[in-house]
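Student: So for the sequence shown, numbering that gives the first Met the number 0 puts the first residue at 0; every next one is plus one.
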Amino acid sequence: MNMTSDPKNHNGNGYENIPRIITDIPGPRSRKILESQGKLETNTVVYPASFPIAIKRADGSVIEDVDGNFFIDWFTGISVLNLGFSDVIRKAVKDQMDLIWHALEIPTEIRIDFLKAFRNSFPQKMRDYKTVFGISGADACETAINMAHTISGRGAPTIAFEGAYHGISGGVIAATSGKKYKESFYGSGFDVIRVPYPYSVWDDTDVESIMRLLRKIMTDPESGYGTPDSLIVEPIQGEGGYIVPPSGFLRQLREFCDDYGIIMIVDEVQTGMGRTGKMWAFEWDSIAPDIVCSSKSVGGGIPMSVVYYRSEYDERLPTPFHMGTFRANPLAMAAGTALLKKIPDVLGDIRRRGEKLLDEFREIRSEKIRDVRGRGFMIGIELSDGRDSPMDAKKVLSIKHDLLKNGLMMHTCGHYSNVFRYMGALNIPDELNARGLDIFRKSITAL
Ligand SMILES: Cc1ncc(COP(=O)(O)O)c(C=O)c1O
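#1: From the DSSP output, read off the bridge partner residues of residue 72.
#2: Within 10 angstroms of its Cβ, does residue 219 collect 16 or more other Cβ (buried), or is it exposed?
#3: Can you look up residue 21 in the DSSP assignment and give me helix, strand or coil?
#4: I believe residue 18 touches residue 434 by the beta-carbon criterion, under 8 Å. Please report the beta-carbon distance rounded to the nearest angstrom.
#5: Leaving out five residues before and five after residue 442 in sequence, what residues of the same chain have Cβ atoms less than 8 Å from its Cβ?
#6: Within 10 angstroms of the Cβ of residue 3, are there 16 or more other Cβ atoms? Answer buried if so, exposed if not.
#7: Go through its chain and collect everything with a Cβ distance to residue 302's Cβ below 6 Å, but skip five positions before and after it.
#8: Let me have the residue list for ligand 1: C-beta closer than 6 Å to any non-hydrogen atom, ordered along the chain.
#9: Going by the beta-carbon positions, is the gap between residue 121 and residue 305 smaller than 8 Å?
#10: Could you check whether the stretch 328-339 touches the stretch 148-167, counting it as contact only if at least three pairs of C-beta atoms, one from each stretch, sit closer than 8 Å?
#11: Excluding the five sequence neighbours on either side, which residues of its own chain have a C-beta within less than 7 Å of the C-beta of residue 22, listed in chain order?
#12: May I ask you to list the residues that DSSP assigns as paired with residue 383?
#13: How would you write the range of the beta strand (DSSP E) that residue 160 sits in, first residue to last?
#14: Measure the beta-carbon distance from residue 167 to residue 137 and round it to whole angstroms, keeping in mind my assumption that it falls under 8 Å.
#15: With distances taken from CA atoms, which of 275, 438, 396, 424 is nearest residue 85?
#16: Taking residue 115 as part of the alpha helix (DSSP H), name the residues at either end of that continuous run.
#17: Report yes if the CB atom of residue 250 is closer than 8 Å to the CB atom of residue 284, and no otherwise.
#18: Please classify residue 277: does DSSP put it in a helix, a strand, or coil?
#19: For residue 195, I'd like the list of residues in its chain whose CB is within less than 6 Å of its CB, leaving aside the five on either flank, ordered along the chain.
#20: List the whole-angstrom C-beta distance separating residue 378 from residue 241, where the pair is believed to meet the contact cut-off of C-beta under 8 Å.
#21: For residue 108, decide whether its Cβ has a neighbour in chain C, counting only Cβ atoms nearer than 8 Å.
#22: If residue 385 sits next to residue 367, beta carbons under 8 Å apart, how far is it from one beta carbon to the other, in whole angstroms?
#23: Could you give the C-beta distance for residue 139 and residue 268, rounded to a whole number, given that I count them as a contact under 8 Å?
#24: Go ahead and label residue 45 buried or exposed: buried means 16 or more other beta carbons lie within 10 angstroms of its beta carbon, across all protein chains shown.
#25: Determine the contact status of residue 78 and residue 277, defining contact as a CB-CB distance below 8 Å.
#26: If you run the structure through DSSP and keep just helix, strand and coil, what is residue 57?
#27: In its own chain, which residues sit with a C-beta less than 8 Å from the C-beta of residue 114, not counting the 5 before and 5 after it?
#28: What is the DSSP secondary structure of residue 63, reduced to helix, strand or coil?
#29: Measuring CB to CB, does residue 198 end up less than 8 Å from residue 310?
#30: Determine the DSSP secondary structure at residue 365, reduced to helix, strand or coil.
#31: Starting from the C-beta of residue 1, find all residues in its chain whose C-beta is less than 6 Å away, skip the five residues before and the five after it, and write them out in chain order.
#32: According to DSSP, which residues form a beta bridge with residue 421?
#33: Roughly how many whole angstroms lie between the Cα atoms of residue 281 and residue 143?
#34: Pick helix, strand or coil for residue 82, following the three-state DSSP scheme.
#35: Report the three-state DSSP secondary structure of residue 248 (helix, strand or coil).
#36: Buried or exposed: which applies to residue 111, given that a residue is buried once 16 or more other Cβ atoms fall within 10 Å of its Cβ?
Put into structure tokens, the structure is as follows:
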């Protein structure tokens, strides 16, 4: 970046002046742009309410707004920028742009590079799986469930968990007329059996009782459910509140799926690409899912998703199976390939740095902190009202604004929108984490 106030080289002295807040938040220019957005764009935009600024540019883990304020990025566009706004990605995309940026499914060299690098990012026993591309996380999860229905040959229910987030997408296939598309299971709508996820803060749902419930669903003729063909699970719940299940939960789900011939779909959209300190979060339980969904960081910030599935399914998938004009964009594949090459270098460090951060969050003394949990660079800090209820979402939003005013972009999630989540880039300098922690600590202890 060619700028006098480059956030990376701010004052030519690394990060010592970051964050730098020189106006009210929002500043005057941001205010104007936010007003224009309000006039031109739908009222239903979500994120400007959390972060009321207009962004000018970003570099690494520093974001500059249009008023010249510099913020520490603990947000990473919701775990999309696992190496931050990295020069590695910038260069890969620029180089690819000189070649080609749209090719549908006609192969390019970068497509093959990506497919190889992606496959190699999995444990050895999963390196013969196949890939189908999508555009978003929702697209990937929908494709995975549709794949399971196609393989099982029936539009059976899928088991999904309370607190799950697999995306929002519609059933527009209903309005599309081609028989070849209509005959897929997309058209039949998805039926779901909802079961609890192990979450012990406000509920007390332990793994044992969940496993008992699952087995009952399969064996009790009066369970009230059809026989499911698939199960979709997040290894750590993301939007649900950065909920880390007890170790072994995925392994028990794997055994359950094996016992009943259920296709196990692991949604790694948020947990994947090194976020938890392993390339894929299911590796913590040493299992091999049947289908893995990946998106967010997999395209380095350029929209893309991937469904990675057992190659034997190929024999039972019709052509066309999945469609979409913009799937597998070459720019996304260039960015994704660059990222996949870099992430292994930081993984070990993420486990060590993540544990240290977890301890540091735990050391913050405040009766408002009800729980701190996480793995790697996926840490949730759940707030209560100091008695026995989740902190009110409006109060949480005002804390989020306070953090922003002090130069820290940090987002929330959770059943009650009361969980602050740390999702810094995997290469964020320690210095910026220390500053961010100071800001967070001050804000929380001042409550
Ligand atoms: C685990 C998980 N799955 C799926 C999605 C949906 O992804 P997208 O917003 O790209 O549709 C998300 C988004 O936050 C997610 O966290």
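Where is the CB? At the ideal position from N, CA and C, for every residue including glycine.
Tutor: Let's see:
#1: 408
#2: exposed
#3: coil
#4: 7 Å
#5: 398, 401, 402, 405
#6: Confidence at residue 3 is low in this model, with a pLDDT of 39, below 50, so its placement is unreliable and the value that follows should be read with caution. It is exposed - the Cβ of residue 3 has fewer than 16 other Cβ atoms within 10 Å.
#7: 134
#8: 77, 135, 136, 137, 140, 164, 165, 166, 233, 237, 238, 266, 268, 269, 294
#9: no
#10: no
#11: 66, 68
#12: 389
#13: 157-160
#14: 6 Å
#15: 424
#16: Element bounds for residue 115: 108-119.
#17: yes
#18: DSSP, reduced to helix, strand and coil, places residue 277 outside both helices and strands of the structure shown, so it counts as coil.
#19: 161, 204, 209
#20: 7 Å
#21: Chain labels in this structure do not include chain C; a single protein chain is all it has.
#22: 6 Å
#23: 7 Å
#24: exposed
#25: no
#26: strand
#27: 130
#28: strand
#29: no
#30: coil
#31: Residue placement at residue 1 cannot be trusted, given a pLDDT of 37 that sits under 50; what the coordinates show is reported in the next sentence. The answer is none, since no qualifying residue turns up.
#32: 378
#33: 17 Å
#34: coil
#35: helix
#36: The Cβ neighbour count for residue 111, taken over all protein chains shown within 10 Å, is under 16; the residue is labelled exposed.
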